[in-house]
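Protein chains in written order, with our numbering: chain A, 235 to 655; chain B, 7 to 51; chain C, 179 to 390. Note that CB positions come from ideal geometry on N, CA and C, so glycine has one too. What follows is a single structure, written as C-alpha cells, with notes after it.
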Amino acid sequence: MGSKGKPQTFACPACGGTVTIKAVGITTSAICMYCSSVIDVANENYQIIKKANEKMRKTLLELGVRGRLFGVDWEVIGYTDKKDGSYHWDEYLLYNPYYGFRFLVQNQGHWNFIKVLKKDIPDIGDANEVWVNGKKYQLFLKGEAVVDYVKGEFHWRVKKGERVDAADYVAPPSLLSMEKNAEEIIVSLGEYLKPQEVASTFKLKEMPDRTGVASNQPAPYQGAFLKLWIVAGVFIAFATMVQNMTVKASDNADVYSSQFQVDSTDRDKTLSTPSFFIPKKNNVLIQSGSNLDNDWLELHLSLVNEETNKEYAIVQAMEYYHGQDIDGPWAEGKQYTETYISSVPSGNYRLLIDADSGTSFRGINFALRIMRDVPSGLNYWITVLMILVYPGLVMLRRWSFENKRWSESDYTPAIYNLRNE
Amino acid sequence: MLRIFAIYCTVLVILLAVANRNGYVFTSMLTGSQKADKAANHYHK
Amino acid sequence: MQKTTFNCPSCGAEVVFQSSLSVYAVCKYCSSMIVRHDVDVESIGQMAALPDDMSPIQIGTEGYYRGVRFSVVGRMKIGWEDGSWNEWFIVPDDGRKGWLAEAQGFYAASFEMDDTSQSIKTQSVPELGSYLKLNNQKLKIVDIKKAVCIGSEGELPFPAPKGRKTTSIDLLGPSGEFASIEIEGNKRRIYVGHYVEWNDLRCQNPRPLEGW
Numbered sequence: 235m236g237s238k239g240k241p242q243t244f245a246c247p248a249c250g251g252t253v254t255i256k257a258v259g260i261t262t263s264a265i266c267m268y269c270s271s272v273i274d275v276a277n278e279n280y281q282i283i284k285k286a287n288e289k290m291r292k293t294l295l296e297l298g299v300r301g302r303l304f305g306v307d308w309e310v311i312g313y314t315d316k317k318d319g320s321y322h323w324d325e326y327l328l329y330n331p332y333y334g335f336r337f338l339v340q341n342q343g344h345w346n347f348i349k350v351l352k353k354d355i356p357d358i359g360d361a362n363e364v365w366v367n368g369k370k371y372q373l374f375l376k377g378e379a380v381v382d383y384v385k386g387e388f389h390w391r392v393k394k395g396e397r398v399d400a401a402d403y404v405a406p407p408s409l410l411s412m413e414k415n416a417e418e419i420i421v422s423l424g425e426y427l428k429p430q431e432v433a434s435t436f437k438l439k440e441m442p443d444r445t446g447v448a449s450n451q452p453a454p455y456q457g458a459f460l461k462l463w464i465v466a467g468v469f470i471a472f473a474t475m476v477q478n479m480t481v482k483a484s485d486n487a488d489v490y491s492s493q494f495q496v497d498s499t500d501r502d503k504t505l506s507t508p509s510f511f512i513p514k515k516n517n518v519l520i521q522s523g524s525n526l527d528n529d530w531l532e533l534h535l536s537l538v539n540e541e542t543n544k545e546y547a548i549v550q551a552m553e554y555y556h557g558q559d560i561d562g563p564w565a566e567g568k569q570y571t572e573t574y575i576s577s578v579p580s581g582n583y584r585l586l587i588d589a590d591s592g593t594s595f596r597g598i599n600f601a602l603r604i605m606r607d608v609p610s611g612l613n614y615w616i617t618v619l620m621i622l623v624y625p626g627l628v629m630l631r632r633w634s635f636e637n638k639r640w641s642e643s644d645y646t647p648a649i650y651n652l653r654n655e
Numbered sequence: 007m008l009r010i011f012a013i014y015c016t017v018l019v020i021l022l023a024v025a026n027r028n029g030y031v032f033t034s035m036l037t038g039s040q041k042a043d044k045a046a047n048h049y050h051k
Numbered sequence: 179m180q181k182t183t184f185n186c187p188s189c190g191a192e193v194v195f196q197s198s199l200s201v202y203a204v205c206k207y208c209s210s211m212i213v214r215h216d217v218d219v220e221s222i223g224q225m226a227a228l229p230d231d232m233s234p235i236q237i238g239t240e241g242y243y244r245g246v247r248f249s250v251v252g253r254m255k256i257g258w259e260d261g262s263w264n265e266w267f268i269v270p271d272d273g274r275k276g277w278l279a280e281a282q283g284f285y286a287a288s289f290e291m292d293d294t295s296q297s298i299k300t301q302s303v304p305e306l307g308s309y310l311k312l313n314n315q316k317l318k319i320v321d322i323k324k325a326v327c328i329g330s331e332g333e334l335p336f337p338a339p340k341g342r343k344t345t346s347i348d349l350l351g352p353s354g355e356f357a358s359i360e361i362e363g364n365k366r367r368i369y370v371g372h373y374v375e376w377n378d379l380r381c382q383n384p385r386p387l388e389g390w
C-alpha cells in the first residue's frame, strides 16, 4: 500500500458523534465518547453492541494523553474500572503502534506497568510458586476481576460485567498476573512504578495516596540489603584483626601485688602501697579479693602519679552472704572484683587505699593485684555491637514491611504469619 | 547509604585501634574516674 | 532470491517476483491477482482494496530474526470472528519460506517446516490446552480459529484471494516459542518460530505513521 498509517474516524451509529480509532486494524470494540454506546469495530460493519446514553466518566489519565515509560512513548487509548467484590482498581490501556500494548494499573495509589507475556506457564493458577525468567514468584492472591466500566477502545470484545478468574504471584518489584476464562488464559508481567514516576511522565498534579503495602512493592533498601551485611561482616573482620593484634602486643604485666590486713583501728586510716613504676601508657587493672563471710568490703582506691600528683580514683565493692534455708544452702555475691583504669600515662605511682567494711569490722584480709596493659574484650564487643546496630535496624524495618505486605494475602509464608492462633 | 555506613564502620574500627593502643577501656570511661566520697554510707540488708 | 519479471496479463505493467518461492502476486497498478506458472502468468481475478490499518510494517520493510536478515515481500490480511491480523510473507537470506504474524500488538516470526517428518496424526482433532511435540519442543495449543482471507498484496507462496478459508492453530512454548498450523482444505502447513519484540526486529524502512 505504501500509504501513511493514520487513525480512523466514523460516525457513531447511535448518536452520530465522531468516533476515532487509534489502533486501526487491531481494535475490536470502541466506546463512543458522547453517548457511551459500545460499538463493534471488528469487521467494518460498526454494529452497536450496547446502546447507551451516558456521559463519559472522568479519569485520572484521559484518553489521548501520552507519556514516556521505559524508553517508549505510550498513548492512553482505553480505560477499564475492574472490581473484585467491592474492591476496585483502574486499568489503562497504553498503545504504541510499533511496540504494541501495555497496561498501566492503579490500585490503592500503587502503580504497575504491565505487559502480556507470550509464554506457556503450565501450573499458573494452581501452584503456590511459579518460575519465570529465572525468578521465583510467590502466590499472593486468588480472586476474580469483573469489568465495571469501560471507555476508549480495546482489542478484545469488552463489556461491562465480563468476568475472569484471577491470580497474582509476586517477586517484588515484579508481579505475575493471570486472568482466565473458558476460552483463554492470559499471563502478564508487571513492574512496580513509583507514583512520582507516573506523575512526572503524565504531568499529573494530583495523585491518589498510597494505602498499605502493595503486593509487589519493593521493600526499603531492596538490593542493598545483602551488601549491607557484607560490609558489616568485612568491618567486623577488621575489628577482630585489630583486637587480635592488640592482644598479641599486650604486656599483660604485673605491677604490684600484696596482702593487707585491716582491723577496727584501721577504719579511717589510708593505706598506701610502696612506689611502683609503669613504663608505658596503657590501662591498669586492679584485682581485689577477700575472705568475706556474710560481710561486705568497700575499697576506695586512688592511683596517684608521684610526679604530677594526678589521681585516678575508683571504688570497688565486694560482698558475700551465705546460709541455709528450707531449700538448702544458698550464697549471694562475690568475694572478688576487678576494675580497669583507662589510659594511665607512664611514671611512678603509688596506690592509696581506704577500706570500709560491714558492721562486724572484726578484721578482714584482702589481696590486691595491680596489672597493666591487660587486653579487654569490652572495646571489641562494643565496636561489634555498634557495627551491627544499623543493619539490625534495617532488618527490623524490612521485616515489618514484609509483614505489612503479606498481611493482605491469604497465602502468607509462615515466617510472616504473626496472627495469634 | 552504603558508603556512609562504610565510613561509619571505618571510624569505629579506627576508634577501637586507638583506644586499644592507648589503653582506654570504654566501660570504665563511662563510669568515670569520679572522686570517691570517703564519707559515703553503705547500707546493706 | 531469484528475481523474475513478467507483464501483467490485464494491464501490461511490470510484475516482479522477488523470490523464487512466490507463486502469486497482486499487480501494483490494476490489483489483478496473478498466478505464476513455469514460463508464464495468468490472472485469476481482481483483488479488492485492503482495509486500512496502523501497521508499522510494509512491503519493502527489512528486519532481523535471530541474526538472519529478511525482507517483507507480501501480505495477507486474515479475518476471524473477533477481528483481523496481518501475515507478512518474509524471505530471509537463507531462502526459507517464512511469515511474520502481526496480531494484537504482538509479532511472531516462523518458518515452514516439513510436515512429513512429524508424528502428528493426520486424523487427530487438535484440542485447546493440549500439548503437541513440534521440532523437538512441547508446545501448547492456545488458539484455534476459523479464519478467512480479507485480502492480499505483494507476492505470496500460494494464491490468497479474498474468501480463502483456513483453520489457524496457534501454539505456545515456555520460552516464547511459537508455532502455527494452517489447514486449508486437506492441506496442512506447519510453521515454527518465536514471538519477537519490535526492538529485536530492528526494522528498516518501516511504514510511516501519522503522529508517531
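- Report the residue from A:Lys503, A:Thr507, A:Tyr455 and A:Leu630 whose alpha carbon sits nearest the alpha carbon of A:Ser491. Working through the first sequence from its first residue, we reach residue 491 of chain A at position 257. Cα-wise, what sits closest to A:Ser491 is A:Thr507.
- Message: Can you give me the C-alpha to C-alpha distance between A:Phe469 and A:Arg632, rounded to a whole angstrom?
- Response: Sequence index remark: in the first sequence, residue 469 of chain A carries index 235 (1-based). Sequence index remark: in the first sequence, residue 632 of chain A carries index 398 (1-based). Each residue's alpha carbon lies about 22 Å from the other.
- Does DSSP put C:Trp390 in a helix, a strand or coil? In the third sequence, residue 390 of chain C corresponds to position 212, counting from 1. Three-state result, C:Trp390: coil.
- Query: Under a three-way DSSP split, which group does A:Lys385 fall into?
  - Reply: If you number the first sequence from 1, residue 385 of chain A lands on position 151. Reduced to three states, the DSSP call for A:Lys385 is strand.
- Rounded C-alpha distance that separates A:Leu375 from A:Val366: By 1-based counting over the first sequence, the position of residue 375 of chain A is 141. By 1-based counting over the first sequence, the position of residue 366 of chain A is 132. In a straight line, the C-alpha of A:Leu375 is about 18 Å away from that of A:Val366.
- Query: Alpha carbon to alpha carbon, how far is C:Ser297 from C:Val374?
  - Reply: For the purposes of this step, residue 297 of chain C is taken as residue 119 along the third sequence, with counting starting at 1. For the purposes of this step, residue 374 of chain C is taken as residue 196 along the third sequence, with counting starting at 1. Model confidence at C:Ser297 stands at a pLDDT of 49, short of 50, so the residue's coordinates are unreliable; what they give is reported in the following sentence. Cα to Cα, the separation comes out at about 27 Å.
- Chain-ordered chain C contacts of A:Thr262 [CB-CB under 8 Å]: Mapped onto the first sequence, residue 262 of chain A falls at position 28. Those within 8 Å of A:Thr262 in chain C are Asp260 and Gly261.
- Would you kindly work out how many angstroms separate the C-alpha atoms of A:Phe459 and A:Val623, rounded to a whole number? Translated into the one-based positions of the first sequence, residue 459 of chain A becomes position 225. Translated into the one-based positions of the first sequence, residue 623 of chain A becomes position 389. The alpha-carbon atoms of A:Phe459 and A:Val623 are separated by roughly 14 Å.
- Relative to chain C, which residues along the segment 243 to 261 of chain A have a C-beta separation below 9 Å, given in chain order? Ile255, Lys256, Ala257, Val258, Gly259, Ile260 and Thr261
- Item | C-alpha gap between A:Val549 and A:His534, whole angstroms | Position 315 of the first sequence, counted from the start, is the residue given in the question as residue 549 of chain A. Position 300 of the first sequence, counted from the start, is the residue given in the question as residue 534 of chain A. One C-alpha to the other measures close to 5 Å.
- Query: When DSSP labels each residue in this structure, what does C:Ser297 get in the three-state scheme?
  - Reply: Working through the third sequence from its first residue, we reach residue 297 of chain C at position 119. Residue placement at C:Ser297 cannot be trusted, given a pLDDT of 49 that sits under 50; the coordinates are not used to answer.
- Query: Are A:Leu410 and A:Leu423 close, meaning C-beta to C-beta below 9 Å?
  - Reply: Your numbering for residue 410 of chain A matches position 176 in the first sequence. Your numbering for residue 423 of chain A matches position 189 in the first sequence. Yes; because the gap between Cβ atoms is below 9 Å, this pair is in contact.
- Query: Per DSSP, which one or two residues make a beta bridge with A:Ser411?
  - Reply: Locating residue 411 of chain A in the first sequence gives position 177, counting from the first residue. Answer is A:Asp402 and A:Ser422, bridged to A:Ser411.
- Item | From C:Ile319, C:Val204, C:Ser233 and C:Thr182, residue whose alpha carbon lies closest to that of C:Gly351 | Taking the third sequence and counting its residues from 1, one reaches residue 351 of chain C at position 173. Taking only the C-alpha atoms, the option nearest C:Gly351 is C:Ile319.
- Whole angstroms is fine: what's the gap from C:Cys208's alpha carbon to C:Met225's? Indexing the third sequence from 1 puts residue 208 of chain C at position 30. Indexing the third sequence from 1 puts residue 225 of chain C at position 47. Looking at the two C-alpha atoms, the distance is approximately 9 Å.
- Message: Cβ closer than 7 Å: which chain C residues qualify as neighbours of A:Ala276?
- Response: Here residue 276 of chain A refers to the residue found at position 42 of the first sequence. Here the neighbours are Asp260 and Gly261.
- Item | Bounding residues of the beta strand (DSSP E) (the contiguous stretch that carries A:Leu338) | Locating residue 338 of chain A in the first sequence gives position 104, where the first residue counts as 1. Its beta strand (DSSP E) spans residues Gly334 to Asn341.
- Message: Given this structure, state the Cα-to-Cα distance separating C:Gln301 from C:Glu362, to the nearest angstrom.
- Response: Walking along the third sequence from the start, residue 301 of chain C turns up at place 123. Walking along the third sequence from the start, residue 362 of chain C turns up at place 184. No answer about C:Gln301 holds up, because its pLDDT of 48 lies below 50 and its placement is not dependable.
- Query: What residues from the segment 402 to 419 of chain A come within 9 Å of chain C, judged by C-beta to C-beta, listed N to C?
  - Reply: Glu417, Glu418 and Ile419
- Message: As an exercise, report each continuous beta strand (DSSP E) stretch of at least 3 residues that is fully enclosed by the segment 566 to 606 of chain A, in chain order.
- Response: 570 to 578, 581 to 591 and 598 to 606
- Query: Do you know whose CA, among A:Tyr570, A:Val253, A:Glu572 and A:Tyr455, lies nearest A:Asp274's CA?
  - Reply: For the purposes of this step, residue 274 of chain A is identified with residue 40 of the first sequence, where counting begins at 1. It is A:Val253.
- Residues of chain B with a CB under 8 Å from the CB of A:Lys515: which are they? One-based indexing of the first sequence puts residue 515 of chain A at position 281. The contacting residues are Asn28 and Gly29.
- Query: Would you call the segment 343 to 356 of chain A and the segment 381 to 393 of chain A in contact, with 3 or more CB pairs under 8 Å?
  - Reply: no
- Which residues in the same chain have their Cβ closer than 6 Å to the Cβ of A:Ala433, if we skip the five residues on either side of it in sequence? Position 199 of the first sequence, counted from the start, is the residue given in the question as residue 433 of chain A. Around A:Ala433: Met441.
- Item | Distance CB(A:Cys269)-CB(A:Ala286) smaller than 9 Å | Taking the first residue of the first sequence as 1, we reach residue 269 of chain A at position 35. Taking the first residue of the first sequence as 1, we reach residue 286 of chain A at position 52. Yes.
- Task: Would you give the residue range spanned by the beta strand (DSSP E) that C:Lys365 belongs to?
- Result: As a working note, residue 365 of chain C is residue 187 in the third sequence. Element bounds for C:Lys365: Lys365 to Val374.
- Could you give the uninterrupted runs of the beta strand (DSSP E) lying entirely in the segment 322 to 365 of chain C, keeping only those of 3 residues or more? 343 to 350 and 355 to 362
- Can the beta-carbon of C:Pro335 be found closer than 9 Å to that of C:Leu199? The residue labelled residue 335 of chain C in the question sits at position 157 within the third sequence. The residue labelled residue 199 of chain C in the question sits at position 21 within the third sequence. Yes, these two residues count as a Cβ contact at 9 Å.
- Query: Residues in the segment 312 to 323 of chain A with C-beta within 9 Å of chain C's C-beta atoms, listed in sequence order?
  - Reply: none
- Message: Run through chain C and tell me which residues come within less than 7 Å of A:Arg391, C-beta to C-beta.
- Response: Taking the first residue of the first sequence as position 1, residue 391 of chain A is located at position 157. What A:Arg391 touches in chain C: Asp260.
- Task: For A:Gln558, decide whether its Cβ has a neighbour in chain B, counting only Cβ atoms nearer than 9 Å.
- Result: Residue numbering aside, residue 558 of chain A sits at position 324 when the first sequence is read from its first letter. Chain B contact via Cβ: absent.
- Task: Could you tell me whether the Cβ of C:Ser233 comes closer than 9 Å to any Cβ of chain A?
- Result: Numbered from 1 along the third sequence, position 55 holds the residue referred to as residue 233 of chain C. Yes, its Cβ sits closer than 9 Å to a Cβ of chain A.
- Counted within 10 angstroms of its Cβ, other Cβ atoms place A:Trp615 as buried (16 or more) or exposed: Stepping through the first sequence from its first residue, residue 615 of chain A is reached at position 381. Label assigned to A:Trp615: exposed.
- Message: Considering Cα atoms alone, identify which of A:Glu396, A:Pro513, A:Ala473 and A:Ala276 is closest to A:Ala487.
- Response: For this step, residue 487 of chain A is matched to residue 253 along the first sequence. It is A:Pro513 whose Cα lies nearest to the Cα of A:Ala487.
- Query: Would a check of beta-carbon distances place C:Val251 closer than 9 Å to chain A?
  - Reply: One-based indexing of the third sequence puts residue 251 of chain C at position 73. No - not a single Cβ of chain A is within 9 Å of the one on C:Val251.
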